Amino acid sequence: MAAPFKLDPAFHANCFVLGRLQLSHLLLMNNAALPWFVLVPETSEVELCDLEEPVHTRLFDEVRAVSKFLRQQFPVDKLNIASIGNVTAQMHVHVIGRRRDDYCWPDTAWGLQPPASYSDDQVGGIADLVSAAP
Numbered sequence: 053m054a055a056p057f058k059l060d061p062a063f064h065a066n067c068f069v070l071g072r073l074q075l076s077h078l079l080l081m082n083n084a085a086l087p088w089f090v091l092v093p094e095t096s097e098v099e100l101c102d103l104e105e106p107v108h109t110r111l112f113d114e115v116r117a118v119s120k121f122l123r124q125q126f127p128v129d130k131l132n133i134a135s136i137g138n139v140t141a142q143m144h145v146h147v148i149g150r151r152r153d154d155y156c157w158p159d160t161a162w163g164l165q166p167p168a169s170y171s172d173d174q175v176g177g178i179a180d181l182v183s184a185a186p
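The working numbering applies: residue 53 is where the sequence shown begins, and numbers increase by one.
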């Protein structure tokens, strides 16, 4: 019997858990300067290329839905979507909204200290938006 799925502790240290999609846990990175979501699919695979086709398709349907939600709810110039995993190996996909005037443009957002963390009220507001999304 397989062990129950658990999020890597690093996610709990850096993110807020907003809820569940069909396949993935939806997290909000604690970086109030950028709208930054992380999808963590319930899989033991580490690399995207190792996912079975139906699981891969479901994950990217969720990435697309989160990307569209982000663009509708936040003013962004560009979406950055990536699965890196050098620090946290558990499979996850970042969906980040970028603006030309953000603190790290045009560089990547990874590895930089965010200038501001979310307040509980801000996280609650974003969680409400996510809950209300189709």
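Built from N, CA and C at the ideal position, the CB exists for glycine as well.
All of these numbers come straight from a predicted model, not from anything done at the bench.
Check	Outcome
Return helix, strand or coil for K58, following the three-state DSSP convention.	coil
Assign N132 to one of three DSSP states: helix, strand, or coil.	strand
With H, G and I counted as helix, E and B as strand and the rest as coil, what does DSSP make of V98?	coil
When the Cα of W157 is compared with those of E114, L59, N132, which residue comes out closest?	N132
I need the straight-line Cα distance from Q124 to L70, nearest angstrom please.	18 Å
Going by CA-CA distance only, name the one from D180, F63, V147 that's closest to F112.	V147
From the DSSP output, read off the bridge partner residues of I148.	W88, N132
Is the beta carbon of L91 closer than 8 Å to that of V128?	no
Just to confirm my understanding: we take F126, look at its own chain, exclude 5 residues before and 5 after, and list those with CB closer than 7 Å. What are they?	P87, G149
Could you tell me which residues DSSP puts in a beta bridge with M81?	C67
Under 7 Å Cβ to Cβ from R110, same chain only, skipping five residues before and after it: list those, please.	Q74, L75
Mark A141 as exposed unless 16 or more other C-beta atoms lie within 10 angstroms of its C-beta, in which case mark it buried.	exposed
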